[in-house]
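Notes follow the structure.
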Amino acid sequence: MSFSKSDLAISTMWNYRKANSGKELIDQLKALGFSRVELNYQVKKEWLSDIESYVQNGEIMISSVHNVFPKVNDERFGTDSVLLGYEDESLRKRAVEYACRSVDWAVRLGAGAVVFHPTEVPLSPNDFDVPLKNLIKAHKTDSEEYRSLQKEMLNQRKAAPFLQRTMKSIGEIADYVVKNGFSVRLGMENRAMCHQAPIYSEFDMIMQAFEGGPVGIWLDTGHGIMMEEMGLQKLPLSEITERNIIGMHIHDAIDGLDHYAPCTLDGDVLRPFKKYIDACPIRVLELSGRLTQQEIIEGSERFVLRYGG
2 MSFSKSDLAI STMWNYRKAN SGKELIDQLK ALGFSRVELN YQVKKEWLSD IESYVQNGEI
62 MISSVHNVFP KVNDERFGTD SVLLGYEDES LRKRAVEYAC RSVDWAVRLG AGAVVFHPTE
122 VPLSPNDFDV PLKNLIKAHK TDSEEYRSLQ KEMLNQRKAA PFLQRTMKSI GEIADYVVKN
182 GFSVRLGMEN RAMCHQAPIY SEFDMIMQAF EGGPVGIWLD TGHGIMMEEM GLQKLPLSEI
242 TERNIIGMHI HDAIDGLDHY APCTLDGDVL RPFKKYIDAC PIRVLELSGR LTQQEIIEGS
302 ERFVLRYGG
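Okay, structure coming up:
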């Protein structure tokens with residue numbers, strides 16, 4: 002499916018730290034040439050009246066919102082938390098309540114999807130993710146140190162109980178969407194750290210349970226590249242996952258670091274994702290605040306030239 006830059010959205014991940022109001026947040030993204038925006042989980046509630054005005058005036062379209070939305074100052078429900086998979090039932094239920102609030106805002110703003118970081122095994126990133134990525138960056142994946150650490154990570158990455166509780170939570174959120182007749186989709190995103198879930202194989206479990214309903218897959222290219230580097234997964238996706246992709250976060254990644262502008266790194270790291278990019282209905286550039294305005298403009302133009310035709 003061909004697309005132009007006007008069909009791409011950009012995430013507020015890039016500029017939420019640069020903005021002091023909803024107006025500044027949107028104006029900075031419009032200055033990059035975008036009229037579609039994903040509102041990430043750092044967007045403050047007090048900014049939403051400004052953002053709604055832009056939507057109502059037809060100046061921007063909201064492609065998607067990222068749970069938990071708007072921003073919640075509670076790390077227990079942050080994007081790097083157990084979130085939908087808590088064993089503590091009161092915490093799990095509160096995570097579901099926050100998710101339903103995200104759905105409400107998505108509907109109110111006309112967004113097509115809510116993006117979810119579903120859950121994780123409660124291990125510190127310093128236990129495995131950071132040292133493994135440091136070894137990847139140092140090109141030491143063939144070392145005994147790397148193999149030993151990776152084996153221990155796989156032994157301790159016991160995601161099944163967290164995923165089972167997450168499936169219960171997803172079911173409750175999906176029921177809320179269906180009961181209210183909302184058209185918004187629920188996108189479960191592959192994650193950036195080795196103790197987080199889902200990875201590609203865990204996508205299938207989710208879709209086998211929820212195929213045909215409002216639940217789908219949100220494919221993140223940078224996260225996928227990093228977890229492939231770590232040996233946790235590899236493309237291609239299974240047929241059940243592929244046909245249920247409802248959105249993508251698109252960015253380059255290499256050596257354990259992601260959120261580069263697309264089509265920036267040597268080797269065209271997005272090429273393995275081409276068929277998913279072609280078929281995906283919502284394409285969002287999710288880019289780091291370390292990038293300059295010019296890097297984003299040039300990267301988005303290269304991406305459209307390379308993949309949009």
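Each residue of the sequence shown is one higher than the one before, starting from 2 at the first, in my numbering.
Quick reminder that beta carbons are idealized off the backbone N, C-alpha and C, glycines included.
- The alpha-carbon separation between Ser64 and Lys275 amounts to approximately 21 Å.
- Leaving aside the five residues that flank Gly217 on each side, the residues in its chain whose CB is nearer than 6 Å to its CB run, in chain order, Arg186, Gly188, Asn245, Ile247.
- Using a C-beta cut-off of 8 Å, the stretch 141-153 makes no contact with the stretch 222-229, since fewer than three inter-stretch Cβ pairs fall below that distance.
- The stretch 97-106 makes contact with the stretch 161-180: 3 or more CB pairs, one atom from each, lie closer than 8 Å.
- Using a Cβ distance threshold of 8 Å, Val122 and Ala96 do not count as a contacting pair.
- Assignment of Tyr261 by DSSP, reduced to helix, strand and coil, places it in the strand class.
- Our two residues, Asp8 and Leu150, have alpha carbons roughly 42 Å apart in a direct line.
- By the criterion of at least three beta-carbon pairs nearer than 8 Å, the stretch 25-44 is in contact with the stretch 61-78.
- Membership of Arg93 in the alpha helix (DSSP H) is indicated by the continuous run 90-110.
- Remark: C-beta atoms of Val44 and Gly111 do not approach each other more closely than 8 Å.
- Shown here, Asp75 sits in coil according to DSSP, grouped into three states, outside any helix or strand.
- For Gln209, the closest C-alpha among the options Ser239, His118, Lys24 is that of Ser239.
- Secondary structure at Ile251: strand, using DSSP grouped into helix, strand and coil.
- In this structure, the beta-carbon distance from Ile278 to Gln234 does not fall below 8 Å.
- Distance from Thr13 to Leu40 at the Cβ level is roughly 6 Å; contact confirmed, criterion being Cβ atoms closer than 8 Å.
- Per DSSP, the unbroken beta strand (DSSP E) holding Val216 starts and ends at 216-221.
- The criterion of a C-beta distance shorter than 8 Å is satisfied by Ala262 and Asp253.
- In this structure, Trp15 keeps its C-beta atom at 8 Å or more from the C-beta atom of Ile283.
- Among the bridge pairs identified by DSSP, Met208 is matched with none.
- Taken in chain order, the unbroken stretches of alpha helix (DSSP H) that lie wholly in the stretch 21-46 and span 4 residues or more are 23-31.
- Considered as a whole, the stretch 146-194 harbours 161-180 as its complete alpha helix (DSSP H) runs of no fewer than 4 residues, in chain order.
- Phe183 is positioned such that its CB atom lies closer than 8 Å to that of Val108.
- It is roughly 46 Å from the alpha-carbon of Leu155 to the alpha-carbon of Asp51.
- Here Pro119 really is in contact with Leu84; their C-beta atoms are around 7 Å apart, less than 8 Å.
- When DSSP states are grouped into helix, strand and coil, Met14 belongs to the coil group.
- In this structure, the beta-carbon distance from His250 to Ser289 does not fall below 8 Å.
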